[in-house]
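Okay, so the sequence shown: first residue is 3 according to the numbering used here, each after it adds one.
For glycine and all other residues, C-beta sits at the position ideal for the given N, C-alpha and C.
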Amino acid sequence: MGRVITALKLGESTKFKNVWTTHSKSPIAYERGRIYFNNYRCCISSVASEPRKLYEMPRCSKSEKIEDALLWECPVGEMLPSPSDYKSSLIALTAHNWLLRISATTGKVLEKIYLASYCKFRYLSWDTPQEVIAVKSAQNKSSTLARQAGIQQPVLLYLAVFHVLPFSLIGILEINKKIFGNVTDATLSHGILIVMYSSGLVRLYSFQAITKQFMQQKLDLGCACRWGGTTGTVGEAPFGIPCNIKITDTPPLLFEVSSLENAFQIGGHPWHYIITPNKKKQKGVFHICALKDNSLAKNGIQEMECCSLESDWIYFHPDASGRIIHVGPNQVKVLKLSEVENNSAQHQISEDFVILANRERNKNENLPTVTASGRVVKRSFTILDDDPEQETFKIVDYEDELDLLSVVAVTQIDAEGKAHLDFHCNEYGTLLKSIPLMESWDVTYSHEVYFDRDLVLHIEQKPSRVFSCYVYQMVCDPGEEEETTDKRNKTDHNNFTF
């Protein structure tokens, strides 16, 4: 079925047309066919030819504003306690420390948990996708008077960790400088506590081992609890959830490495990691090493030969193939990790395929200039690889349902930038389809592009917090669609403001 859908979407007669555009003064977010406005309080379905409002939650105070959210989708084949659990939910974090589970179709609040009053929770992320969430607090900052007096705030931040559907508390962990030293940040990913330092050092610890060793008391949501001389219900205001995981001694270290700007990634088969040597002059140089013994892979130093203002970037391929994607201004390299011949203990990096930007080399680029008097003048500059007048790669993503690589390329034409979204075969890199984006693309703005089922969605953030959203839909009869689009343009029904 996936191949049939791919063939339909990439067929020559299939076009993508801009069917509607909307603007907002608050951030716009997109998740699985739903566009969110007004800090997630207004939800619009993007699957129709015109926007259809699914719900709009009542106006709220600034303290009740949703600051971050994640979309949870029901796992196939699992038994859940409530009929409402079988439908998608939005897990939302409010400014006043409430964690909400909201119906993704009606906007009704299905569950609510009060986190705490002793810190300000601000960020949501998946520890294990669709299974475990981590709620991260803002960092504690010492007051000016405290700093002048030499008094240091020992707790940097808190991490609240939950199983989802049904919601159950794992615990709240404090990151304490008395234990970890002069730590600058920490996060949780796939059961690993990642702690970072200003020196570039990155340390990894097992969250499960920390929980087992340092949990002071097991807490259950909705149950009575006595903590620090106070009695209340866990997860209800004003009691909230006490910090029940306090590390009193340095936990066992799993792994540590030093990397420029704490950049560190793990992936591949077998496990490898990618770092940049911790020196400023090494920016743009990537080392790929084996996790088991820190040995550098053969050809494991990757450096893209380019001269550009923006740095290239590298990451493990999201398709679980163990490959690596390295993106520069004019090329996308897909690298593969394989055993060295006659030495199964060592692995090597080689090119799987390369996607090149469509550039016509300037014939006069390397020729000297001759003045009217006949004097030869040599050029004293080199055109940058990310020069806006040349096609430059800005976004590279992977579409898992269709097994495609999507690449956004931008070229500055006269006063405005024009972009197109290209789909490449994930196995060989072959260009399968190109979709032009009709709106101007300013490279100084922030952009996000999504490809989902039969639509392409482009979200743009302009200066002064002005957000725009452009929706393109797949059409199989381009002649008829052009006529329909013209009618919409004349009546101005395809522009909306939220």
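For residue i versus residue j, is the C-beta spacing smaller than 8 Å?
i	j	result
Y116	S139	no
A211	V197	no
S48	V473	yes
G242	G224	no
R103	L112	yes
Y400	H349	no
L73	E33	yes
S91	A106	yes
N99	K67	no
H274	L293	yes
L339	G234	no
K179	Q218	no
V458	F18	yes
K154	N142	Residue identity differs from the one stated: residue 154 is Gln in this sequence, not Lys. No, Cβ-Cβ distance for Q154 and N142 is not below 8 Å.
T186	Y207	no
L221	F209	no
C471	I37	yes
D454	S436	no
K420	Y447	no
I93	A71	yes
P253	W229	no
What's the call for residue i, buried or exposed, on a 16-neighbour Cβ count within 10 Å?
i	result
L147	exposed
Q392	buried
D494	Reliability of the predicted coordinates at D494 is poor, the pLDDT of 40 falling under 50, and the value obtained from them is presented with this limitation in mind. D494 is exposed by the Cβ-count criterion.
K365	For K365, the predicted structure reports a pLDDT of 42, less than 50, and the residue's modelled location is therefore unreliable. The matter cannot be settled from this model.
L406	buried
P168	exposed
Q475	buried
Q394	A small correction: the amino acid at residue 394 is Thr; Gln does not occupy that position in the sequence shown. Buried, since its Cβ has 16 or more Cβ neighbours within 10 Å.
I461	buried
T278	buried
T24	buried
Q150	exposed
P60	exposed
I303	exposed
V342	exposed
L433	exposed
R332	Rather than Arg, the amino acid found at residue 332 in this sequence is Asn. Classification of N332: buried, given that the 10 Å Cβ count is 16 or more.
A31	buried
A322	exposed
I415	exposed
In terms of alpha-carbon separation, which member of the options lies closest to residue i?
i	options	result
F469	G270, D456, F39, A359	F39
F288	P272, E58, Q267, P253	Q267
W315	E307, D321, A322	E307
S466	N20, S26, L404	S26
D354	V21, V336, A421	V336
G330	V342, A322, C309, N344	C309
L56	T108, L423, S144, N296	T108
L311	L101, G286, C471	G286
S191	R205, N184, V398	R205
C121	Y88, G324, L158, S323	L158
N2	A31, S65, A299	Because the chain in this structure spans residues 3 to 500, residue 2 falls outside the shown range and cannot be described.
A347	Y317, A359, C291, G202	C291
N246	E258, V398, C227	C227
F257	L203, G230, I30, G231	L203
Y430	R325, E305, N332, A31	R325
E75	K89, S65, K110	K89
D87	P131, S65, V166	V166
S170	K114, S201, G152, S145	K114
Y317	V398, T232, H422	V398
G35	N360, R54, S144	R54
To the nearest whole angstrom, what separates the beta carbons of residue i and residue j, a pair I think is in contact under 8 Å?
i	j	result
T16	C427	Contact flag wrong, Cβ pair sits at about 16 Å.
P351	N301	For the sequence presented, residue 351 should be read as Ile rather than Pro. I351 to N301, Cβ: 4 Å. Contact.
A162	F216	Between F216 and A162 the Cβ distance is about 15 Å, and since that is not below 8 Å, they are no contact.
V409	V334	6 Å
G193	D251	Wrong, their Cβ atoms sit about 20 Å apart, outside the cutoff.
H328	K396	That belief does not hold up - the Cβ atoms of H328 and K396 are roughly 15 Å apart, past 8 Å.
E418	S442	4 Å
P240	S119	7 Å
E52	W22	6 Å
N20	M440	5 Å
A97	S65	5 Å
_Three-pair Cβ contact test at 8 Å for the stretch 256-269 versus the stretch 281-291_ = As far as the Cβ criterion goes, the stretch 256-269 touches the stretch 281-291, which means the pair count is three or higher.
*At least three beta-carbon pairs within less than 8 Å, the stretch 121-138 to the stretch 172-190*: Segments in contact, yes.
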